[in-house]
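Peer 1: Sending over a structure as structure tokens; questions will come in a sec.
Numbering (my numbering), first residue to last: 13 to 191.
Okay, here's the thing in structure tokens:
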């Protein structure tokens, strides 16, 4: 029996988040492993008198943070953070590091315990226990398995589908137990 398609949510819609949503959306539409709909949490703001989420859902472009790059129609901008993550199997975190704590506090009661997270957030958290990777902060707050994607990537080059170097870090022993 085939497993249910994995639902993906991109948490963040800035330059980097929109570029990743473009790639994730295209791949989700192409492969049966994934649900075709990809939610992307958008911090709602007004752009030329229109809500940014409305622009993205109607024109399929983040005109403020990634102008000139069309997003696939299956990428859906959701301005309510808790609503955007409901039912997601995979959460891709792409918000500025200073907002990670608040984001996690908002979604912790709205995610499945078996959800897998991927952090694309650069930087570290300097707290009372010393320096922590952002993925450690997320794992600590949400209690979910975390992976990390890092590299010498520029959002516009990723959106243009140019060759990019990326490293993905994960603990396969944990992931294998979940799948």
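Here a beta-carbon is modelled for each residue, glycine too, at the ideal position from N, C-alpha and C.
#1: Using a Cβ distance threshold of 8 Å, determine whether the region 70-78 contacts the region 127-138, with at least three qualifying pairs required.
#2: Could you tell me which residues DSSP pairs with residue 62 in its beta bridges?
#3: Mapping DSSP to helix, strand and coil, what is residue 107?
#4: Just tell me which of 20, 155, 179 has its CA closest to the CA of residue 87.
#5: Output the boundary residues of the alpha helix (DSSP H) element that contains residue 117.
#6: Less than 6 Å between C-beta atoms, sequence neighbours within five positions excluded: which residues of the same chain meet that for residue 156?
#7: If the criterion is Cβ atoms closer than 7 Å, does the pair residue 180 and residue 161 meet it?
#8: What residue range does the beta strand (DSSP E) around residue 131 cover?
#9: Could you give the first and the last residue of the continuous alpha helix (DSSP H) run that contains residue 171?
#10: First and last residue of the beta strand (DSSP E) that includes residue 18?
#11: Grouping DSSP H, G and I as helix and E and B as strand, with all else coil, what is residue 154?
#12: What does the Cβ neighbour count give for residue 29, buried or exposed, with the cut at 16 atoms within 10 Å?
Peer 2: Reading it off the structure:
#1: no
#2: On the chain shown, position 50 is the one that residue 62 refers to. Beta-bridge pairing links residue 62 to 59.
#3: As a first step, residue 107 is located in the chain shown; it is residue number 95 there, counting from the start. Three-state result, residue 107: coil.
#4: As a working note, residue 87 is residue 75 in the chain shown. Comparing Cα-Cα distances from residue 87 to each of 20, 155, 179, the minimum goes to 20.
#5: What you label residue 117 is simply residue 105 of the chain shown in a count that begins at 1. Element bounds for residue 117: 112-119.
#6: Locating residue 156 in the chain shown gives position 144, counting from the first residue. 127, 129.
#7: Along the chain shown, one-based indexing puts residue 180 at 168. Along the chain shown, one-based indexing puts residue 161 at 149. Closer than 7 Å, so yes.
#8: Position 119 of the chain shown holds residue 131. Note, residue 131: beta strand (DSSP E), 128-131.
#9: Residue 171 sits at position 159 when you count from the first residue of the chain shown. Unbroken alpha helix (DSSP H) run through residue 171: 167-171.
#10: Your numbering for residue 18 matches position 6 in the chain shown. Here the beta strand (DSSP E) through residue 18 covers 18-23.
#11: Here residue 154 refers to the residue found at position 142 of the chain shown. Looking at residue 154 - three-state DSSP - the assignment turns out to be helix.
#12: Mapped onto the chain shown, residue 29 falls at position 17. Buried: at least 16 other Cβ atoms inside 10 Å.
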